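The number in the working numbering is simply the position in the sequence shown, starting from 1, with 49 added. For every residue, glycine included, the Cβ atom is placed at its ideal position computed from N, Cα and C. Since we're looking at a predicted model, the values are computed, not measured.
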Amino acid sequence: MNLSARLLELNENYLLKEVSDVYDSALLLDEHEVRLIGKDVDYLNGIQLSTNGLIFVDVQMAFFKPMTDIFKITGHSIVMEFLFTADVEVELYHMEGIETYQTNTHNITYASDYGGSFKMNQGTNVNFIMIMLSRDFYFKLIPETSKLHQEFSKLISDSRSGMLSDVHLPFTSEIQTILYQIRHCKRKGELKRLYIENKIQELLLLQFEMHQQQQYLLLEKRRFNHQDILKLREAKMILDQEYKTAPLINELAKRVYLNEFKLKRGFKICYGITIKSYVIALKMKKALSLLNENKYQISELTYMCGYNSLSRFSSAFKSYYGCSPKKMLAVVYPVEN
């Protein structure tokens, strides 16, 4: 595999790495700091880990003008994509159409030659983890004949580009936890190599599990009639407007004329997320938006996002984004010495 990532407007590469496709358990991880400084660069930093059949990149970036990231992987690759922050317009050259990647979503893509443009707005804070695996490495983690990934495995075997899921799926707390553990791994040498490999396998299993759940929910959605769907949309609109002081389940059920069971079950089936998790997501997106303005103290954000306790707000933020509000602020607006 050969990876390159170039900022079109700056004509500058911030990632360049080539690894053998052949899995070799005896090799250790090569670690490399990712950093780019320039007049149009607010910040760009991160970490790159690599070994035969594996390239792992964790990057945070923001720019003073709109920027296009041209991301390419030459050779067959399975790409695990995790986007933490920002809405990015994406065009993958091996897929049809243009889509917007949402905050805290993930997917898995296979391509014989992965390539795409990622368009970022001025001032947008972008944070992603990409885990690129060769076919040999991937099938060492998940056997080719496993029933967990029959359709996706056939794509790989037939060399047909495609994604595990038709839509990007939301993060779960389990996925957030594993990504946090990888980011903060202090192990060295062979222990680190084994630890990271194990965590990547865990992530793959969670992604397959979520995909299976999504397929089940799509089947279940067909059981709801048109009136129920409209009532569920109304419930979502109420939460979108009143998330800071969101109504309790029983109150919301009365307002949209659904019983509590049908409301909770229907919301999860239609939107792929529980009502509680959806409200938390709205609060956290608001928190990040306010944090990016760099106008408010963290204690002020607490109340502006509907929390009455700084500790509860900080705990929710860390659970959602993988770091505390203070650490996020330090990444977005680092203090210069």
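Could you tell me how far apart the beta carbons of Gly315 and Phe273 are, in whole angstroms, since I believe they sit closer than 8 Å? 6 Å
Rounded to whole angstroms, what's the CA-CA distance from Leu103 to Met50? Just pull it up for me. 8 Å
Can you tell me the Cβ-Cβ gap for Leu52 and Met181, rounded? I've got them flagged as a contact below 8 Å. 6 Å
Rounded to the nearest angstrom, how far is the Cβ of Leu252 from that of Ile224, given a contact under 8 Å? 7 Å
Three-way DSSP call (helix, strand, coil) for Ala75 in this model: coil
Where Tyr130 falls, given that 16 or more other Cβ within 10 Å makes a residue buried: Tyr is not the amino acid found at residue 130; the sequence shown has Glu there. Answer is buried; the Cβ neighbour count reaches 16.
For Gly87, count the other beta carbons within 10 Å of its own beta carbon; 16 or more makes it buried, fewer makes it exposed. Which is it? exposed
Presumed contact (8 Å Cβ cut-off) between Val106 and Gln97, rounded CB distance: 5 Å
Three-state secondary structure (DSSP) of Gln97: strand
List the residues that DSSP assigns as beta-bridge partners of Asn156. Glu130
Nearest by alpha-carbon distance to Asn299: which of Asp289, Lys311, Lys293 and Gln290 is it? Lys311
Can you give the Cα-Cα distance for Tyr244 and Ile127, rounded to whole angstroms? 20 Å
Just reading off the beta strand (DSSP E) that Ile104 is part of, what are its end residues? Leu103 to Phe112
May I ask you to report which of helix, strand or coil DSSP gives Leu387? With the chain covering 50 to 386 only, the question about residue 387 has no answer from this structure.
In chain order, what residues of the same chain have a beta carbon less than 6 Å from the beta carbon of Glu67, not counting five sequence neighbours either side? Asn51
Rounded to the nearest angstrom, how far is the Cβ of Lys241 from that of Tyr72, given a contact under 8 Å? 17 Å between Cβ atoms; not a contact.
Relative to the alpha-carbon of His81, which residue among Ser69, Leu64, Ala75 and Tyr92 has its alpha-carbon at the smallest distance? Leu64
Expressed to the nearest angstrom, what Euclidean distance is found between the alpha-carbon atoms of Asp277 and Lys293? 25 Å
Which term fits Tyr320, buried or exposed, when burial requires 16 or more other beta carbons within 10 angstroms of its beta carbon? buried
Among Ser69, Tyr150, Leu339 and Tyr352, which residue has its Cα nearest to the Cα of Asp215? Tyr150
Between which two residues does the beta strand (DSSP E) carrying Phe177 extend? Val175 to Leu182
Pull up the CB-CB distance for Arg55 and Ile122, whole angstroms please, since I reckon it's below 8 Å. Actually they are not in contact, since the Cβ atoms of Arg55 and Ile122 sit about 13 Å apart, beyond 8 Å.
From the DSSP output, in three-state form, read off Glu138 for me. strand
Just to confirm, is the Cβ distance from Thr323 to Phe220 under 8 Å? no
Can you say whether Lys280 is buried or exposed, counting buried as having 16 or more other CB atoms within 10 angstroms of its CB? buried
Compute the beta-carbon to beta-carbon distance between Thr100 and Leu76, rounded to the nearest angstrom, for a pair I have assumed lies under 8 Å. 5 Å
Taking the alpha helix (DSSP H) that Glu67 belongs to, which residues open and close that run? Looking at the DSSP string, Glu67 is not in any alpha helix (DSSP H); the run it does join, the beta strand (DSSP E), is Glu61 to Glu67.
Option in Arg184, Ile178 and Glu269 with minimal Cα separation from Tyr390: There is no way to answer for residue 390, as the model of the chain reaches only from 50 to 386.
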